[in-house]
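**Q**
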Amino acid sequence: MEVIYWIADNVFGTPAILLGFIVLVGLLLQDKTASQRVSGTFKAIIGFLIISAGSDIIVSALTVFEPLWKEVFNLSEQPLGEFMGQNAFNAEYGSAVTLAMTIGFLINVLLARFTKLKYIYLTGHMMFWTTTIFAGIVVHTVGDVSFGKLVIFLAVIMGIYWTVQPALTQPFMRKITGNDNIALGHTSASVALLGALAGKVLGNKDNDSEKIKLPKGLEFLRDSNVITALTMGLLFLVGAVIISFKDTPGAEELVASAGSQNFVIYAIVQSFTFTAGIAVVLMGVRMFIGEMVPAFKGIATKIVPGAKPALDSPVVFPYAPNAVILGFLGSFVGALLWLFVLGNTVGYIFVPTMIVLFFHSATAGVFGNVTGGVRGALIAGFITSTVVAWGQYITVKMLLADTIPDTAMWAADSDMFILGPIIRFLAQLLF
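Under the working numbering, the first residue of the sequence shown is numbered 1161, with each subsequent residue one higher.
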């Protein structure tokens, strides 16, 4: 049992190692030379870590962006009452979560081997957080639950989810990538699907975001890095100017965070930092995919014939970088709307976690664009903020209020919000 825990923590709990191991196995199965094995494995790990580094850069900028706009609208965190919290929850149920995640992955591989759903889910950090949130819902729903029952329930649920989710999004992934080599393995799948369907009905496929014709003097806007910097720069600038004229404690704290630097200049630098993070993520994706897809053929042909890797959401970003920004813009507008609506209707202060909103709405934007062009990408982004806002309220207040509501406010994602009520129902039914 200790060996299983060690593997769960050190392999499945470390996505770069898990994916590097997968690449190595694929290269071994193809009888590649030692040089090719080392090169392919190392480059896949480095590419994935570059993605993580880029994501960290994005997160660092968004940790300024989020409180900036909260202060603009005079919003504050809402007390959650009595709850376990992540540390206490991990101490009591963490081993069940890691074991369920490991067994769930094995179920995913077996389902891919013996069914027509040939997808293997490889987004390790999402595997952990999804299992954790679902465990919180189960414990909140049924109270004290035995270790064995919790592990079996979660393992079966996760194994099925990790197999079916990529299959549902694959028809649109084929249109986005132009091939059938990779799949989406991410908790943004629900809003990606909703965005694609909405784009099909309400959008205009011919008005592709990547084919926008600009006047000659504005051709620089074709560069995705430039348009990202302009968009985020405008949002940061407007927020910073408003904060500079406020004398509230929150505004003073934000201004002080800039140190000796002028706060407006500091905010503008954060917008460029965000853009740099996007550029780093895209570079990592190209390196990672360049090694992952060829190596995966070894697994597909030997262990799970015809299997496809289901990968993290940034894999779709290079295919429609303009749609990435349009999706985020649509979700940002929606987030501002739901901040006020939720606060004035149900008294809940929605925490618009920009980390979740960006990665999910960016993915949804790419899916919305492939079916509905510019309008589809914007609508997909708005759908994302709607799912995240109302999903957060329902999950935090009703599904896991006494376990880990603090975690659900920043680490729960679109699919978790959509599936949460189903997990609660199944827990009531089976325990």
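We put the CB at the ideal spot given by N, CA and C, even for glycine.
If you're wondering where the values come from, they're calculated on a predicted model, not measured in any experiment.
So, helix, strand or coil for Ile1509, using DSSP?
**A** Looking at Ile1509 - three-state DSSP - the assignment turns out to be coil, as it is neither helix nor strand.
**Q** Does the beta-carbon of Lys1276 have 16 or more other beta-carbons within 10 angstroms, so that it is buried, or is it exposed?
**A** By the neighbour-count rule (16 or more Cβ atoms within 10 Å), Lys1276 is not buried but exposed.
**Q** Among Asn1482, Lys1278, Ala1248, Lys1557, which has the Cα closest to the Cα of Val1324?
**A** Measuring from the Cα of Val1324, the nearest candidate turns out to be Lys1278.
**Q** How about Ala1315 and Ile1267: do their beta carbons lie closer than 8 Å?
**A** Yes; because the gap between Cβ atoms is below 8 Å, this pair is in contact.
**Q** Take Ala1125 as the anchor and find which of Pro1227, Ile1210, Phe1313, Val1185 has the nearest alpha-carbon.
**A** The shown model of the chain, from 1161 to 1591, leaves out residue 1125, and the question about it has no answer.
**Q** Can you tell me the Cα-Cα spacing of Ile1367 and Ile1564, whole angstroms?
**A** According to the sequence provided, residue 1367 is Asn. The question's Ile does not apply to it. In a straight line, the C-alpha of Asn1367 is about 43 Å away from that of Ile1564.
**Q** Please name the residue in Gly1437, Ile1428, Thr1391, Ser1417 whose C-alpha comes closest to that of Val1401.
**A** It is Ile1428 whose Cα lies nearest to the Cα of Val1401.
**Q** Taking the Cβ atom as the reference point for each residue, do Gly1359 and Gly1254 lie within a distance shorter than 8 Å?
**A** No, they are not a contact pair.
**Q** Please report the distance separating the alpha-carbon of Gln1190 from that of Ala1455.
**A** Near 8 Å, if we compare the C-alpha coordinates of Ala1455 and Gln1190.
**Q** Does the pairing of the region 1530 to 1537 with the region 1216 to 1224 give three or more beta-carbon distances under 8 Å?
**A** Because the criterion of three Cβ pairs below 8 Å is not met, the region 1530 to 1537 and the region 1216 to 1224 do not touch.
**Q** According to DSSP, simplified to helix, strand and coil, what is Pro1469?
**A** Pro1469: strand per DSSP, three-state reduction.
**Q** Rounded to whole angstroms, how far is the Cβ of Met1569 from the Cβ of Thr1513, which I believe are closer than 8 Å?
**A** Contact holds; Cβ gap of about 7 Å.
**Q** Assuming Ala1352 contacts Ala1524 under a Cβ cut-off of 8 Å, what Cβ separation, rounded to an integer in Å, is found between them?
**A** At roughly 5 Å, the Cβ-Cβ gap stays under 8 Å, so Ala1352 and Ala1524 are in contact.
**Q** If you compare alpha carbons, which of Ser1195, Ser1404, Leu1394, Phe1434 is closest to Ile1515?
**A** Of the listed residues, the one whose Cα sits closest to Ile1515 is Phe1434.
**Q** Can you tell me whether Ser1491 is buried or exposed, with buried defined as 16 or more other CB within 10 angstroms of its CB?
**A** So Ser1491 counts as buried.
**Q** Do the CB positions of Val1476 and Leu1282 come within less than 8 Å of each other?
**A** No, the pair does not count as a contact, with Cβ atoms beyond the cut-off.
**Q** Would you mind listing the beta strand (DSSP E) stretches within the region 1397 to 1482 that are 3+ residues and don't spill past its ends, in chain order?
**A** Those beta strand (DSSP E) runs which fall completely within the region 1397 to 1482 and span 3+ residues are 1468 to 1471.
**Q** If you reduce the DSSP assignment to three classes, tell me which class Ile1280 lands in.
**A** In this structure, Ile1280 counts as strand in the three-state DSSP scheme.
**Q** Given a cut-off of 8 Å, decide if Leu1517 and His1300 are closer than it, judged by their beta-carbon atoms.
**A** Against a cut-off of 8 Å, the Cβ pair of Leu1517 and His1300 comes out as no contact.
**Q** Using DSSP's beta-bridge definition, name the partner residues of Ala1343.
**A** Looking at the DSSP assignment, Ala1343 forms a beta bridge with Ala1470.
**Q** Starting from Phe1542, trace the alpha helix (DSSP H) both ways and give me its first and last residue.
**A** Where Phe1542 is concerned, the enclosing alpha helix (DSSP H) stretches over 1514 to 1554.
**Q** For Pro1375, does the three-state DSSP call read helix, strand or coil?
**A** Here Pro1375 sits in coil by DSSP.
**Q** Using the Cα positions of Val1415 and Gly1466, report the straight-line distance between them to the nearest angstrom.
**A** So the two alpha carbons sit approximately 55 Å from each other.
**Q** Any idea if Phe1500 is buried or exposed, counting beta-carbon neighbours within 10 angstroms, 16 or more meaning buried?
**A** Exposed, since its Cβ has fewer than 16 Cβ neighbours within 10 Å.
**Q** In angstroms with no decimal places, state the Cα-to-Cα distance between Phe1225 and Leu1589.
**A** Going by the C-alpha atoms only, they are around 42 Å apart.
**Q** What does the alpha-carbon distance come out to for the pair Leu1271 and Phe1307?
**A** Taking the straight line from one Cα to the other gives about 24 Å.
**Q** Using DSSP with H/G/I as helix, E/B as strand and the rest coil, what is Asn1247?
**A** The answer is helix: DSSP assigns Asn1247 an H, G or I state.
**Q** Give me the Cα-Cα distance between Ala1460 and Leu1471, rounded to the nearest whole angstrom.
**A** One C-alpha to the other measures close to 15 Å.
**Q** Report the three-state DSSP secondary structure of Ser1491 (helix, strand or coil).
**A** Helix at Ser1491.
**Q** Going by C-alpha to C-alpha distance, which of Asp1407, Met1443, Asp1304, Leu1184 sits closest to Thr1201?
**A** Minimum Cα distance to Thr1201 is reached at Leu1184.
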